[in-house]
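A quick write-up on the structure given underneath.
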Amino acid sequence: MPAFKTFSIGSGKNCDIHLEQSSIDNIHAELVIARNGKLYLTDRASENGTFRKRGGRWVRLKQDYILPTESLRFGDFHISVSVLMQFITPNGADTLLAASANSIDASNIKGAAAYDPKSALPTGRVRRSVDTGEIIAVEKE
């Protein structure tokens, strides 16, 4: 399994997590689930914003790590992170991460080279894919 999985969130039919609501952009945000289980949420410059509940009030979130116990708001749509995760797999992120736990992780093998996350990054000029939101290498012309 790669070091992370990225899921698009929005009202667009091609989003990995499809939330049908008028205040949600076609591609509203993206959620990254790291192999270690950490969750990272990024607002994709949405018109109505992405928010998290902190101290009883909604605070705008541009990009940050989030917890499964947090409440989120995409535009006017309220949802908990744990419920959001069920859009990916019925048993949430635990199922997704448990499946990856069965894969061989070379960084746990004695004498193996340490995993370097920078090695998975594209080199040279990069851009964000309009379709997926991923960072990709720019093809040489």
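In this text, residue positions in the sequence shown follow the working numbering: the first is 110, and each later residue adds one. No residue lacks a Cβ here, since even glycine has one placed at the ideal position from N, Cα and C. Predicted model only: the values in this text are computed from it and were never measured.
C-alpha gap between residue i and residue j, whole angstroms
i: Q172; j: R166; result: 18 Å
i: E248; j: A154; result: 25 Å
i: V239; j: E156; result: 17 Å
i: T159; j: R169; result: 6 Å
i: F183; j: R144; result: 25 Å
i: E129; j: I197; result: 15 Å
i: K122; j: F113; result: 23 Å
i: A246; j: M194; result: 29 Å
C-beta atoms of residue i and residue j nearer than 8 Å
i: A138; j: D152; result: yes
i: F186; j: S132; result: yes
i: V141; j: T178; result: no
i: Y119; j: N135; result: Reading off the sequence, residue 119 comes out as Gly, not Tyr. In this structure, N135 lies closer than 8 Å to G119 by Cβ.
i: R237; j: I244; result: yes
i: L148; j: V192; result: no
i: R72; j: L181; result: The structure shown does not extend to residue 72, since the chain is modelled only from 110 to 250, so the question has no answer here.
Three-way DSSP call (helix, strand, coil) for residue i in this model
i: S155; result: coil
i: S180; result: strand
i: S191; result: helix
i: F160; result: strand
i: F196; result: coil
i: V168; result: strand
i: V234; result: Checking the sequence shown, residue 234 turns out to be Arg, not Val. R234: coil per DSSP, three-state reduction.
Residue-chain proximity (residue i, chain C), Cβ-Cβ < 8 Å
i: S120; result: The structure shown contains no chain C, having only a single protein chain.
Beta-carbon separation (whole angstroms), residue i vs residue j, contact threshold 8 Å
i: I188; j: L150; result: No, I188 and L150 are not in contact; Cβ-Cβ is about 12 Å, not under 8 Å.
* Asked: Which whole runs of the beta strand (DSSP E) in the region 111–150 are 3 residues long or more, in chain order?
  -> 113–119 and 138–143
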